[in-house]
Structure formats: C-alpha cells, structure tokens
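Comments concern the structure below.
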Amino acid sequence: MKRVLFVSKPIAPPWHDGSKNFVRDVASHLSRTQAVVMTPPGPSPFNDRVEIEPIYRESGGFAPGLSANARVAWRLFRGPPHDIWHFVFAPSSRTTRIAKMAASSRRSRGWTGNIVQTIASTPKKFDKALLFGDVAVTMSEHTRGKFLAAGVDPQRILTIAPCAEAPTAATRDEERALRSELDLGDSPIVLYPGDYETSSGAETVARAIRALVTIHPNVKIVFACRPKTSRAARAKAKLVELLENEKIAEYTRHVGELESLAPLLSISKVVAFPVDDLYGKVDLPLVLLEALALGIPMVLARGGPLEEIHAARYVPPKDHAALAGEISQLLESPGDLPHKARSRYLQAYRPGVIAAAYDDLYEALK
-3 MKRVLFVSKP IAPPWHDGSK NFVRDVASHL SRTQAVVMTP PGPSPFNDRV
47 EIEPIYRESG GFAPGLSANA RVAWRLFRGP PHDIWHFVFA PSSRTTRIAK
97 MAASSRRSRG WTGNIVQTIA STPKKFDKAL LFGDVAVTMS EHTRGKFLAA
147 GVDPQRILTI APCAEAPTAA TRDEERALRS ELDLGDSPIV LYPGDYETSS
197 GAETVARAIR ALVTIHPNVK IVFACRPKTS RAARAKAKLV ELLENEKIAE
247 YTRHVGELES LAPLLSISKV VAFPVDDLYG KVDLPLVLLE ALALGIPMVL
297 ARGGPLEEIH AARYVPPKDH AALAGEISQL LESPGDLPHK ARSRYLQAYR
347 PGVIAAAYDD LYEALK
C-alpha cells in the first residue's frame, strides 16, 4: 500500500478552514492508500487508519508563519520520504521554490516518489510556473480552465471536487436557544456566510434587503462573517453604515465567527452567497457543500466556479434586485431544490466519493 504524506496547514481544530477540512476528510476516507498527516502535538483527530506526524507546534491561523513553514521544509528534506507527497496549499512562488528544492534533493538521493498538488484556493495569478507537481488538481473546472489558458499541459492538470462531511441539523431545543441568543425570534432566516471585505457579496446582500423586506417583513438577514484580514472591521463598519442610512439595520444580525456554523446553517431558509471573488477560499466553499447536504436552498453568483454546484439558483454578480427576487421566491416556495441539493451532495461531494477519486489518482501514478 502506498504511503501519502499530506503537506498542508496543521490538521487540527478548529474546523473552519476549507483546506484543513479537506485534508482531514480525504485522509480519513482513503481505503487503498495510507495517509500521513501533519498535525500539532496532541490527540489524533483521526481513526487508526491515518498516521499523524506532529510537525507543527500549534494549530496556527489561516496562514502558517515563517517558523511553521521552516519545520515543514525540514520535514520534506530530512524526514521519511514516503511514496507520494500531496501538497494542499494555495500556490505561491515560495511554496513552489521550497517544494522543487526538496524534491530535487530527495531525488538526488534516490527517491522515486511522486508529487500531487491540489490547488486549495484561487491564486493571485494563474501562472504555470506555480505548478510543481507531477499532477496538479484543481477543485473546479473553472480554475482548471484558467490554468489551461495560461499554457499548462492538459495532461498535467485535472479536476477533483472538494468535499465536506454532512453536518448535524440543530435540534428543536438548540434552535430555540440559538434564536434567543441571536435575537432572531421566529423569523425566517436568510444567511450570508461570506466575508465583508474580499468580494461584493456582502454589499449585494445588503442592497437587496429593502426589496426583500417589502415582501417578507418578518425576515432576518444574518451576516456570519469571519474576519480574515485587517480590512474586515472597516468593511463591516461601512456596511453597517449603509444599512443604517437605508433604515434596514433592524432586519439584520451580525454574528461574526461562531464556534460552529452548522446549527445556524441548518435553521436557515435560504443561503445567499452572491460572491464574485473567491480569493483565499476553496473554489466551492465548505459552507455551501454543507448547505447542499442539509438541503438548504442557495442563491449564488453566476460566472465562476460556483456554477458547478448546479443545485442552486444563480444571479449576476452585484445584481441586488435579481438577488432579492430569487430569495423571495425561495422563501415562498423552495420547490424541489432541497431534494436536488441533497442528491447533488450525495453524488458529488461526500468525502467517500472524493477520497475514492484520490485513491484512483495515487494508484495511477508510476
């Protein structure tokens, strides 16, 4: 059985990072390959089939620091080589340089293994020089197309979707407690689980509220936005000012980063995600795959990788009128969209399905 070393961020709680959850879920469900995963010290988050290496000192944030990267580099140069290195990082010139140096050093000492590179999030630029693996894997055909347009050999790059474990829906008691905590009353909930600062998504949702509450005056729009950059606070303040000037702030709640988004997601009537810039995110963000698993209707932005989800409604980016119209229709009647969403999840985004695709890929490498 081949041994695959996953080269990634520390695989440990909290589980709110798409690339970390991806490694956890794929490694846990491989059946024809032995996974070796980089973690901080502490209890293993895996079953006995997954081997851990405590490379990191702590769980860290969204971007590992210099010392953490140095420990990973040392591991690649000096640790057990294994059969396959599977990098799961946003591609960068630094990552590429270190990976190439480590592979060259190993191969000069007789290593005959392979390198798989999963593009965990959209890079700042689509440059074929960023792809150092024997095989590169994108998480959407949209991103693969961008790399092909940049001159990447089609034989070197393929698409395997991301995955997510199906979350557990909130119980009635949990729903009552959550509604009380967030002052939601018995209102139907429209959830925006994006960010404030990277895309036009939050502003598009905000500008849709006036038309939406004219038809559904009891609705509450919940912004569940995790601050990922130093610009988040300023972007939120600007959005809140817009809501107050439009006299619609009373219809909104800003809940920040929750310990788990699953309970709030499971009691939402609609997920609004008109996001037109997924930089720093997995092509198909984790929360959207979880919404599919729960059968929550979604309204997404057209024109990017989100269209590959299929089981959703779509609007042009920044079109707040179209967004309000689609949300309103779904609040009135979701039709068969919940069934389509659950079916799409089971077919395409379960960890077992995606792990099997990687098992096939590993076996095909010579």
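Numbers -3 to 362, taken from our numbering, label the letters of the sequence shown in order. We treat Cβ as the ideally placed atom computed from N, Cα and C, and that holds for glycine. Note that the coordinates shown come from a computational prediction; the quantities given were computed from them, not determined experimentally.
- Query: To which residues of the same chain is ALA289 closer than 6 Å at the C-beta, ignoring the five residues directly before and after it?
  - Reply: In the sequence shown, the residue the question calls residue 289 occupies position 293. Once the five neighbours on either side are set aside, the close Cβ partners of ALA289 are ALA162, TYR341.
- Message: Which residue wins for smallest C-alpha separation from SER27, given the options LEU357, LYS362, ALA352, LEU361?
- Response: Taking the sequence shown and counting its residues from 1, the one referred to as residue 27 is at position 31. With distances taken between Cα atoms, SER27 lies closest to ALA352.
- Helix or strand or just coil, what does DSSP make of ALA166? On the sequence shown, residue 166 is found 170 positions in, with the first residue counted as 1. Reduced to three states, the DSSP call for ALA166 is coil.
- Item | Delimiting residues of the alpha helix (DSSP H) encompassing TYR358 | The sequence position of residue 358 within the sequence shown is 362, counting from 1. Start and end: 347 to 360.
- With a threshold of 16 other CB atoms inside 10 Å of the CB of TYR52, please say whether the residue is buried or exposed. Numbered from 1 along the sequence shown, position 56 holds the residue referred to as residue 52. With 16 or more other Cβ atoms within 10 Å, it is buried.
- Message: So, with DSSP's three-state summary, where would you put LYS121?
- Response: As a first step, residue 121 is located in the sequence shown; it is residue number 125 there, counting from the start. If DSSP states are grouped into helix, strand and coil, LYS121 belongs with coil.
- Query: Would a check of beta-carbon distances place TRP81 closer than 9 Å to chain D?
  - Reply: Of the protein chains in the structure, only one exists, and it is not chain D.
- Task: Could you check what DSSP says for TRP11 in three-state terms: helix, strand or coil?
- Result: As a first step, residue 11 must be located in the sequence shown, where it is residue number 15. Here TRP11 sits in coil by DSSP.
- Item | 8 Å contact criterion, which LYS277 and ILE185 should meet: CB distance rounded | What you label residue 277 is simply residue 281 of the sequence shown in a count that begins at 1. What you label residue 185 is simply residue 189 of the sequence shown in a count that begins at 1. 22 Å between Cβ atoms; not a contact.
- Going by DSSP, which residues form a beta bridge with LEU154? Along the sequence shown, read from residue 1 onward, the residue named residue 154 stands at position 158. Paired residue(s): VAL133.
- Quick one, are the C-beta atoms of GLU49 and GLY75 less than 9 Å apart? Within the sequence shown, numbered from 1, the residue matching residue 49 stands at position 53. Within the sequence shown, numbered from 1, the residue matching residue 75 stands at position 79. For GLU49 and GLY75, yes; Cβs fall inside 9 Å.
- Item | Opening and closing residue of the beta strand (DSSP E) in which MET(-3) lies | To locate residue -3, count along the sequence shown from 1; it is residue 1. In the DSSP assignment, MET(-3) falls outside any beta strand (DSSP E) and carries neither an H nor an E.
- Query: Could you give the residue range of the beta strand (DSSP E) that holds TRP107?
  - Reply: By 1-based counting over the sequence shown, the position of residue 107 is 111. Boundaries for TRP107: no beta strand (DSSP E) harbours it, and the DSSP string shows neither H nor E there.
- Query: Does the beta-carbon of ASP423 have 16 or more other beta-carbons within 10 angstroms, so that it is buried, or is it exposed?
  - Reply: An answer regarding residue 423 cannot be provided, because it is not within the stretch -3 to 362 covered by the chain.
- Task: Give the straight-line distance between the Cα atoms of PRO158 and TYR275, rounded to the nearest whole angstrom.
- Result: Counting from one through the sequence shown, the residue named residue 158 turns up at place 162. Counting from one through the sequence shown, the residue named residue 275 turns up at place 279. Approximately 16 Å, taken between the alpha carbons.
- Can you find at least 3 beta carbon pairs, one from the stretch 283 to 301 and one from the stretch 239 to 250, that sit closer than 8 Å? Taking a cut-off of 8 Å on C-beta distances, the stretch 283 to 301 does not touch the stretch 239 to 250, as fewer than three cross pairs fall below it.
- Separation of ILE292 from ASN110, as counted between CA atoms: On the sequence shown, residue 110 is found 114 positions in, with the first residue counted as 1. On the sequence shown, residue 292 is found 296 positions in, with the first residue counted as 1. Straight-line Cα distance between these residues: approximately 40 Å.
- Query: By Cβ distance, which residues of its chain are closer than 6 Å to ALA204, with the 5 residues on each side in sequence left out?
  - Reply: Position 208 of the sequence shown holds residue 204. Result list for ALA204: HIS316, LEU319, ALA320, in chain order.
- Message: Are there any heavy atoms of the ligand SAM lying less than 8 Å away from the beta-carbon of SER329, as far as the coordinates show?
- Response: As far as ligands go, the structure on display features none, and thus does not contain the ligand SAM.
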